[in-house]
Amino acid sequence: MAAASPTAHDVYLFHEGSLFKSYQLFGSHYRELNGQTGYEFCVWAPHASEVRVAGDFNSWSGELHVMQKVNDNGIWTLFVPGLKEKERYKYEIVTNSGKTMLKADPYAFYSEVRPNTASLTYDLAGYSWHDQKWQKKQKDKTIYEKPVFIYELHLGSWKKHSDGTLYSYEELGQSLIPYIKEQGFTHIELLPVYEHPYDRSWGYQATGYYSPTSRFGTPHDLMRFVDECHQANIGVILDWVPGHFCKDSHGLYMFDGAPLYEYQEERDRENWLWGTANFDLGKPEVQSFLISNALYWAEFYHIDGFRVDAVANMLYWPNQAERHMNPYAVAFLKKLNQTMREAYPHVMMIAEDSTEWPQVTGSVEEGGLGFHFKWNMGWMNDVLRYMETPFEQRRDCHQLVSFSLLYAFSEHFVLPFSHDEVVYGKKSLLHKMPGDYWQKFAQYRLLLGYMTAHPGKKLIFMGSEFAQFDEWKDTEQLDWFLNTFPMHQKASVFTQDLLRFYQKSKILYENDHRAQSFEWIDVHNEEQSIFSFIRYGRRHGEALIILCNFTPSVYHQYDVGVPFLTQYIEVLNSDNEKYGGSGQLNKKPLAAKSGAVHQKPYYITMTIPPYGISIMRAVKKRGEIK
Numbered sequence: 001m002a003a004a005s006p007t008a009h010d011v012y013l014f015h016e017g018s019l020f021k022s023y024q025l026f027g028s029h030y031r032e033l034n035g036q037t038g039y040e041f042c043v044w045a046p047h048a049s050e051v052r053v054a055g056d057f058n059s060w061s062g063e064l065h066v067m068q069k070v071n072d073n074g075i076w077t078l079f080v081p082g083l084k085e086k087e088r089y090k091y092e093i094v095t096n097s098g099k100t101m102l103k104a105d106p107y108a109f110y111s112e113v114r115p116n117t118a119s120l121t122y123d124l125a126g127y128s129w130h131d132q133k134w135q136k137k138q139k140d141k142t143i144y145e146k147p148v149f150i151y152e153l154h155l156g157s158w159k160k161h162s163d164g165t166l167y168s169y170e171e172l173g174q175s176l177i178p179y180i181k182e183q184g185f186t187h188i189e190l191l192p193v194y195e196h197p198y199d200r201s202w203g204y205q206a207t208g209y210y211s212p213t214s215r216f217g218t219p220h221d222l223m224r225f226v227d228e229c230h231q232a233n234i235g236v237i238l239d240w241v242p243g244h245f246c247k248d249s250h251g252l253y254m255f256d257g258a259p260l261y262e263y264q265e266e267r268d269r270e271n272w273l274w275g276t277a278n279f280d281l282g283k284p285e286v287q288s289f290l291i292s293n294a295l296y297w298a299e300f301y302h303i304d305g306f307r308v309d310a311v312a313n314m315l316y317w318p319n320q321a322e323r324h325m326n327p328y329a330v331a332f333l334k335k336l337n338q339t340m341r342e343a344y345p346h347v348m349m350i351a352e353d354s355t356e357w358p359q360v361t362g363s364v365e366e367g368g369l370g371f372h373f374k375w376n377m378g379w380m381n382d383v384l385r386y387m388e389t390p391f392e393q394r395r396d397c398h399q400l401v402s403f404s405l406l407y408a409f410s411e412h413f414v415l416p417f418s419h420d421e422v423v424y425g426k427k428s429l430l431h432k433m434p435g436d437y438w439q440k441f442a443q444y445r446l447l448l449g450y451m452t453a454h455p456g457k458k459l460i461f462m463g464s465e466f467a468q469f470d471e472w473k474d475t476e477q478l479d480w481f482l483n484t485f486p487m488h489q490k491a492s493v494f495t496q497d498l499l500r501f502y503q504k505s506k507i508l509y510e511n512d513h514r515a516q517s518f519e520w521i522d523v524h525n526e527e528q529s530i531f532s533f534i535r536y537g538r539r540h541g542e543a544l545i546i547l548c549n550f551t552p553s554v555y556h557q558y559d560v561g562v563p564f565l566t567q568y569i570e571v572l573n574s575d576n577e578k579y580g581g582s583g584q585l586n587k588k589p590l591a592a593k594s595g596a597v598h599q600k601p602y603y604i605t606m607t608i609p610p611y612g613i614s615i616m617r618a619v620k621k622r623g624e625i626k
């Protein structure tokens with residue numbers, strides 16, 4: 001880590017909001033000073049009258065280790081010789097009113113296992129990374145031109161031991177990574193893994209932003225897990241919450257007896273919806289804390305992306321009847337994204353934003369917020385509403401499927417079926433589907449197939465890959481026993497084939513952020529609830545013809561307009577019997593014929609499967625594409 005005591009330059013940058021490696025100054029750091037080894041502590045507490053370090057090493061009597069105040073803006077330091085790694089400690093803060101509080105270190109690199117709340121001294125140095133090939137590969141192309149199919153998961157409930165105890169980072173590396181590789185996902189997205197006191201907050205209400213949760217092991221264990229993911233060509237994205245934090249007494253809330261990390265005014269500070277406190281994003285020191293945190297995870301844990309939680313809650317002031325822009329949050333997000341792009345241009349910044357804020361993924365220089373991607377919440381809500389509608393009524397809400405293409409290229413999107421859609425009574429993806437047992441599975445396959453064919457990167461929540469029937473139960477592991485049932489086995493085979501097909505089909509990802517990559521064939525067939533469209537590749541003649549039938553009817557001899565006079569072969573059909581379908585396939589190549597159908601110069605005649613998606617590829621042979 002960096003030099004020992006705070007320099008005037010570091011102090012200036014911190015209070016200016018530009019000390020983007022503030023973790024090198026604050027927290028506890030292993031040092032050698034004046035011939036002695038130990039740990040140096042540094043904390044920001046401007047409202048405190050005195051700050052001490054208390055721990056096992058002084059029987060939790062902070063009077064023995066009083067910190068020195070460095071400046072009038074409340075930076076305190078102390079070197080304690082003789083301390084070893086994994087010593088328990090807290091800051092003993094004496095407020096201006098004389099009250100004494102014990103607070104965990106905001107910059108701690110490691111913490112006790114809950115329900116204990118002390119910080120632990122820890123030296124991050126010493127881990128040897130082996131992901132050089134992965135890091136080099138990230139620079140080959142921009143992320144917009146790469147396949148991205150994300151598996152969102154909660155480490156605490158993916159799998160558990162038979163006695164209910166959690167898997168460790170090491171055990172997850174041994175079981176999760178091969179599973180992700182077999183399934184065909186390109187990335188995993190972890191619900192927050194920084195330290196949090198309450199399991200059922202899923203990590204979204206944190207106390208230790210720099211401390212990987214000790215539930216699963218040490219910081220070095222997490223480094224090894226990420227390293228092994230990279231060696232298996234799997235990227236790692238973290239859910240990250242820079243908008244609000246929990247109010248547990250040992251955490252950031254009223255850290256030195258007065259509002260510090262949170263807004264001064266109660267109406268701005270309190271997040272009544274979640275029972276948390278909102279970060280004061282206009283305060284320079286909070287900007288240094290949060291932006292440093294993103295850089296920290298990228299530097300020390302080689303994280304490949306951040307899904308920034310609850311952006312809507314940041315962009316607008318909370319607790320107001322009408323939406324009013326929060327200028328501090330807007331400026332913070334721009335500063336965050338610009339800093340990350342300069343330091344780590346290949347680390348994805350993804351906004352979980354449900355608003356219509358313009359240019360979320362536009363460049364900061366051109367007035368945008370600077371994210372790489374935005375979750376397409378509108379598409380998700382429309383499609384799930386459509387799928388939950390009985391098939392005979394779908395003709396009346398046909399536009400729910402077509403509407404997304406009016407704005408699909410206005411931002412860079414991720415299409416999400418996340419944990420939020422399969423919890424709290426919302427049902428699993430499979431259970432959302434209307435109809436009988438067979439129809440539910442057929443529509444589940446159709447839904448995942450349509451998402452894969454639609455422009456944008458993709459994300460599904462754990463369990464969806466094998467069509468878990470019950471919604472997510474966050475205190476239990478996934479229903480792995482379902483893999484003994486034939487239809488769930490076949491659903492898993494379909495997901496694997498679908499993801500392999502996606503990764504092999506550059507047409508579906510290399511150009512999917514450009515409007516010319518998509519064209520409707522027939523978007524007006526309300527009566528049959530059939531949608532047909534084309535996904536184009538970069539070179540002439542590269543095309544996939546996609547047919548989606550959202551009813552149980554089968555159509556033979558169905559004419560479909562196509563762009564090229566060539567042959568078309570079926571490369572994926574969700575109605576294949578090996579997936580649990582009825583076997584309504586197009587087994588032979590289909591030769592295009594001249595004749596205007598769907599305003600295209602040529603057409604093919606094919607079978608349309610029930611509740612199914614059929615994908616046809618134009619056969620590109622020399623001299624054949626016209």
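With the first letter of the sequence shown counted as 1, position 299 gets the number 299 in full-length UniProt numbering; the numbers rise by one all the way through. From the three backbone atoms N, C-alpha and C, an ideal C-beta is built for every residue, glycine too. Just so it is clear, the structure is predicted and the values come from calculations on it, not from any experiment.
Please list the terminal residues of the continuous beta strand (DSSP E) segment that includes residue i.
i	result
ASN549	543 to 549
ARG535	530 to 536
ARG617	612 to 618
PRO81	75 to 81
ALA54	48 to 55
GLN567	567 to 573
GLY561	555 to 562
ASP522	518 to 522
ARG394	Per DSSP, ARG394 belongs to no beta strand (DSSP E) and is neither H nor E.
Determine the DSSP secondary structure at residue i, reduced to helix, strand or coil.
i	result
ALA3	Note that ALA3 has pLDDT 37, beneath the 50 cutoff, so the model's placement of it is unreliable and no number is given.
ARG323	coil
GLU624	Any reading at GLU624 must be qualified, since the residue scores a pLDDT of 48, below 50, and its modelled position is unreliable; the value itself is stated next. GLU624: coil per DSSP, three-state reduction.
ARG215	coil
HIS230	helix
GLN584	coil
LYS141	coil
VAL236	strand
LEU190	strand
ASN381	helix
ARG200	helix
GLN68	strand
Leaving aside the five residues before and after residue i along the sequence, list all residues of the same chain whose C-beta is less than 8 Å from its C-beta, in chain order.
i	result
LEU191	GLU152, LEU153, HIS154, LEU155, TRP202, GLY203, TYR204, ASP239, HIS419
ALA3	Low local confidence applies: a pLDDT of 37 at ALA3 is under 50, so the model's placement there is unreliable, with the coordinate-based value given in what follows. For ALA3, where only same-chain residues beyond five positions count, there are no Cβ hits under 8 Å.
SER594	LEU565, PRO601, TYR602
ARG622	Confidence is the limiting factor: at ARG622 the pLDDT is only 47, short of 50, which leaves the residue's position unreliable, though a coordinate-based value still follows. No residues qualify anywhere along the chain.
In the DSSP assignment, find the alpha helix (DSSP H) that holds residue i and state where it starts and stops.
i	result
VAL286	284 to 301
THR495	486 to 504
TYR12	8 to 16
ARG307	No alpha helix (DSSP H) contains ARG307, which is instead part of the beta strand (DSSP E) from 305 to 308.
ASN313	311 to 315
THR452	437 to 453
GLN399	399 to 402
Give the C-beta separation of residue i and residue j to the nearest angstrom, bearing in mind that I take them to be a contact with Cβ-Cβ under 8 Å.
i	j	result
ILE546	ILE613	7 Å
LYS592	LEU565	The sequence shown places Ala at residue 592, not Lys. Their Cβ separation, rounded to whole angstroms, is 5 Å, which keeps ALA592 and LEU565 in contact under 8 Å.
GLU145	GLU577	Not a contact, Cβ separation roughly 35 Å.
ALA467	PHE501	About 18 Å separates the two Cβ atoms, so there is no contact after all.
TYR558	VAL619	With 8 Å as the limit, TYR558 and VAL619 do not qualify as a contact, their Cβ atoms being about 20 Å apart.
GLU87	THR121	5 Å
ALA48	VAL94	6 Å
Skipping 5 residues on each side, what residues in its chain have a beta carbon closer than 7 Å to that of residue i?
i	result
THR389	CYS397
PRO46	ASN73, GLY74, ASP256
GLU411	VAL360, THR361, LYS374
ASP353	VAL311, ALA312, VAL360, LYS374, TRP375
LYS334	VAL364, LEU369, GLY370
SER5	THR77
For residue i, which residues of its own chain have a beta-carbon under 6 Å away from its beta-carbon, when the five flanking residues on both sides are left out?
i	result
PHE494	ARG445, TYR579
GLU624	With a pLDDT of only 48 at GLU624, under the threshold of 50, the placement of this residue in the model should not be trusted; the figure read from the coordinates follows. Correct list, in chain order: THR566.
ASN293	TYR209
MET377	SER354
MET1	Confidence is the limiting factor: at MET1 the pLDDT is only 32, short of 50, which leaves the residue's position unreliable, though a coordinate-based value still follows. Here the set comprises GLN24, HIS29.
Is residue j closer than 8 Å to residue i when the C-beta atoms are compared?
i	j	result
LEU415	MET380	yes
PRO455	ALA408	yes
ARG535	ALA453	yes
ASN525	TYR611	no
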